[in-house]
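Read in order, the letters of the sequence shown correspond to residues 5 to 196 in this note's numbering.
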Amino acid sequence: MFRRLKDKVIIVTGGAGLIGQHIVDKCLQDGAIVIDVDINNKTNWEAGKYGCDLTDKDSIIKLVEEVFKKYGKIDGLVNNAYPRTFDWGAKFEDISYESWQKNIDMQLNCVFLLTQHVLVHMKQEKQGSIVNIGSIYGVVGNDFTIYEDYGGTSPAAYSAIKGGLINFTRYLSSYFGKYNIRVNCVSPGGNN
Ligand SMILES: NC(=O)c1ccc[n+]([C@@H]2O[C@H](COP(=O)([O-])OP(=O)(O)OC[C@H]3O[C@@H](n4cnc5c(N)ncnc54)[C@H](O)[C@@H]3O)[C@@H](O)[C@H]2O)c1
5 MFRRLKDKVI IVTGGAGLIG QHIVDKCLQD GAIVIDVDIN NKTNWEAGKY GCDLTDKDSI
65 IKLVEEVFKK YGKIDGLVNN AYPRTFDWGA KFEDISYESW QKNIDMQLNC VFLLTQHVLV
125 HMKQEKQGSI VNIGSIYGVV GNDFTIYEDY GGTSPAAYSA IKGGLINFTR YLSSYFGKYN
185 IRVNCVSPGG NN
């Protein structure tokens with residue numbers, strides 16, 4: 005059977021989560037060597053699990069160094085993890101500046117740092133593929149009527165983060181295209 009990701013070394017962040025576990029499974033089915041990176045994992049290289057808090061700068065740098073040391077290359081990265089604060093989901097009027105700042109830092113800045121470090125290796129190899137997981141809320145404005153039944157909302161920072169991630173994807177794909185590196189974004193609708 006032809007397996008199109010055979011022996012590709014792929015880091016998937018948030019691999020223990022709702023969407024991440026399916027990304028991991030699909031990459032494995034297609035023959036990849038997957039490093040499933042999640043704050044809820046215990047590191048076990050044989051099982052393809054790596055425990056890491058992606059909001060911690062030093063941990064991100066260590067992760068990339070260790071993966072490269074073990075496999076000698078990094079072919080793919082899926083930025084899927086979803087770190088957020090405990091007050092995530094607060095109504096717009098109730099969001100503190102500190103909470104807004106923290107979520108941008110946790111969700112967007114960590115993608116920048118991990119991606120930047122992985123791209124060092126992809127650029128050397130002159131090949132690679134990065135997939136960012138965005139959201140429909142980075143593409144369109146919210147329909148707030150859908151939350152009326154249960155009194156929920158969609159966090160304001162989410163739109164800023166995912167909109168930013170989508171255009172960051174465009175920036176990277178333009179910048180790194182000449183090195184044969186593809187950067188794409190998938191923007192799912194809601195699931196739970
Ligand atoms: N589920 C949806 O409806 C939906 C819709 C659109 C987009 N998305 C996007 O898909 C991605 C995955 O969402 P999900 O619904 O699977 O979320 P989830 O909460 O089920 O999974 C996220 C994973 O990220 C991990 N994580 C959180 N903080 C971390 C940290 N600091 N370091 C390392 N790992 C950490 C969690 O442990 C978890 O396994 C997110 O980027 C989300 O924005 C989800």
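Cβ coordinates follow ideal geometry from the N, Cα and C atoms, glycine included.
Remark: C-beta atoms of Gly142 and Ser163 approach each other more closely than 8 Å.
Going by C-alpha positions, Gly35 is about 11 Å away from Val28.
When DSSP reads this structure, Val41 sits in a beta bridge with Thr17 and Tyr54. CA-CA distance, Lys61 to Cys114, rounds to 8 Å. The beta carbon of Tyr86 is closer than 6 Å to those of Gly18 in its chain, skipping five residues each way along the sequence.
Taking 7 Å as the cut-off, the C-beta of Ser139 counts as close to a heavy atom of ligand 1.
Note on Gln105: under 16 other CB atoms within 10 angstroms of its CB, so exposed under the neighbour-count rule. Contact annotation: Ile108 and Ala160 have beta-carbon atoms that are not nearer than 8 Å. If you ignore the 5 residues before and after Cys56, its C-beta comes within less than 6 Å of the C-beta of Val41, Ser63 and Leu67, all in its own chain and listed in chain order.
Residue environment: Val38 is assigned as buried (16 or more neighbouring CB atoms within 10 Å of its CB, all protein chains considered). Here Ser177 has Val187 as same chain residues with Cβ atoms under 6 Å from its own Cβ, once five neighbours each way along the sequence are excluded.
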